[in-house]
Amino acid sequence: MTASIPDSFILRGTAAQGTLRLVGMDATRIAEDARVRHGLSKTATAALGRTLTASLLLAVVLGKKSDSRVNLRVEGGGPVGWIVAEGSTDGRVRGYVRHPDADLPIRERDGKLDVSGIVGTDGEIAVTRLLDNGEPYTGSATLVSGEIAEDVSTYLGVSEQIPNAVLLGVYEEGGRVAHAGGLLIQAMPGVTDETLGKLEANIRAMGQITDNLRRGGLLEAISRATEGLDLHLAPDAQSARFECRCSRERAADSLKFFDPQERQEMIESGGQEIVCHWCGERYQLTPDEIAALDDQGRHAQA
702 MTASIPDSFI
712 LRGTAAQGTL
722 RLVGMDATRI
732 AEDARVRHGL
742 SKTATAALGR
752 TLTASLLLAV
762 VLGKKSDSRV
772 NLRVEGGGPV
782 GWIVAEGSTD
792 GRVRGYVRHP
802 DADLPIRERD
812 GKLDVSGIVG
822 TDGEIAVTRL
832 LDNGEPYTGS
842 ATLVSGEIAE
852 DVSTYLGVSE
862 QIPNAVLLGV
872 YEEGGRVAHA
882 GGLLIQAMPG
892 VTDETLGKLE
902 ANIRAMGQIT
912 DNLRRGGLLE
922 AISRATEGLD
932 LHLAPDAQSA
942 RFECRCSRER
952 AADSLKFFDP
962 QERQEMIESG
972 GQEIVCHWCG
982 ERYQLTPDEI
992 AALDDQGRHA
1002 QA
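This is the structure in structure tokens:
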């Protein structure tokens, strides 16, 4: 279903003599993969697509190792329920929403998808990552808009003390994701008020990031945001993809949390289907595979 959509990718760069650090991402294929995997409604696709993009941008900015993971959770009390995404510095991302079929009408005031309405604003955004000592750390901030980008920006400013600008967008056309992406710009030590003023003016002038993605892709969005600020992009793009860490073995292991009688009922009913909530992958476990779990337990006790 996504064969005609180019692979997603991440670009890195600096501007204003290194006083601005930027990470941009084309997330079109990732957002479309998520839509298909989870059977998402139009507005739920936009909400999860933005969150998946944000989790990868955060992983690049906050991750300390080549495979560091960042877990992003947004819960605002809206119809979609919670939204969870896990991004890794190696470009892998996965995620889901509580109610994939939740949807809302297009907003009358601007003709846009009502992401804020479906997410809600009565709640918080939480980010979990590993510190240098290997201990998990979770920071959070109160939701300010439910639009995801502004909420991620607020989190970075409040919980991480990182001055920043975040742009996220998903554009759907013909029943699928046509464009999706994001941009995170971080102010570094030594940045001047003049540079920040120019950056703010550029972002105001460029309008919606999806409009820029539709016109000229991710490079258009990055160029408009950093116009007049001496942009320098790293020569190589990093590939990014929707990829889960689930497996048939992990699906089978999850049945160990059931008691033996429950597993016996699964065996007698012809097996058990396990659905990964992260990616929607379905594993049909046979009676023999389920029986093997009890055999492993008896061998371990012996």
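All you need for the numbering used here is the position in the sequence shown, starting with 1, plus 701. Ideal Cβ positions, reconstructed from N, Cα and C, are used throughout, including at glycine. Computed from a prediction, not measured in an experiment: that's the story for all the values here.
Query	Result
Best match in Ala935, Glu950, Leu986 for proximity to Val724 [C-alpha to C-alpha]	Ala935
Contained alpha helix (DSSP H) runs [length at least 4] in the region 897-937, N- to C-terminal order	910-926
Under 8 Å between C-beta atoms of Ala926 and Ile886	yes
Sequence-distant residues of its chain with Cβ nearer than 6 Å to Asp727 (five each side left out)	Ser709, Phe710, Gly882, Leu919
Pro988 versus Arg964: straight-line alpha-carbon distance, rounded	9 Å
Inter-residue spacing [alpha-carbon to alpha-carbon] between His933 and Ser817	34 Å
Beta-carbon separation (whole angstroms), Ile910 vs Gly870, contact threshold 8 Å	4 Å
Beta-carbon gap between Glu1059 and Cys947 smaller than 8 Å	Given that the chain is displayed from residue 702 to residue 1003, the structure contains no residue 1059 and the question cannot be resolved.
Extent of the continuous alpha helix (DSSP H) to which His880 belongs	No alpha helix (DSSP H) holds His880; the beta strand (DSSP E) holding it covers 877-888.
Rounded Cβ spacing between Arg751 and Ile849 (contact assumed at less than 8 Å)	4 Å
Inter-stretch contact at 8 Å, needing at least 3 Cβ pairs: the region 841-855 / the region 754-774	yes
Simplified DSSP state of Thr843, which is helix, strand or coil	strand
Own chain residues within Cβ distance below 8 Å of Asn913, not counting five before or after	Met907, Glu921, Ala922, Arg925
is_contact[Asp852, chain D] using C-beta, thresh 8 Å	You won't find chain D in this structure, because it holds only one protein chain.
Close beta carbons around Arg949, own chain, < 7 Å, minus the five adjacent residues each side	Tyr984
Status (buried if at least 16 other CB within 10 Å, exposed otherwise) for Thr896	buried
Alpha-carbon spacing of Val737 relative to Asp852, whole angstroms	26 Å
CB contact flag (Glu990, Ala953, <8 Å)	yes
Neighbourhood of Pro806 by C-beta, 8 Å cutoff - its chain only, sequence neighbours within 5 removed	Asp815
Straight-line gap, His800 to Leu749 (C-alpha atoms, nearest Å)	11 Å
Local conformation of Leu994 per DSSP, three classes	helix
Whole-Å CB distance - Leu930 paired with Leu900, under 8 Å assumed	7 Å
For Gly725, the residue or residues it bridges with in DSSP	Leu712, Leu884
Rounded separation between Asp894 and Thr720 - CA only	11 Å
8 Å contact criterion, which Thr790 and Asp768 should meet: CB distance rounded	6 Å
Cβ neighbour criterion (16 or more within 10 Å) applied to Arg795	buried
C-alpha gap between Gly782 and Gly847, whole angstroms	12 Å
6 Å Cβ shell around Gln718 - same chain, five flanking residues per side excluded	none
Buried or exposed (CB count within 10 angstroms, at least 16 for buried), Leu986	buried
Backbone CA spacing between Ser955 and Glu861 [nearest angstrom]	35 Å
Backbone secondary structure at Ala803 - three-state DSSP	coil
Bounding residues of the alpha helix (DSSP H) (the contiguous stretch that carries Leu758)	743-763
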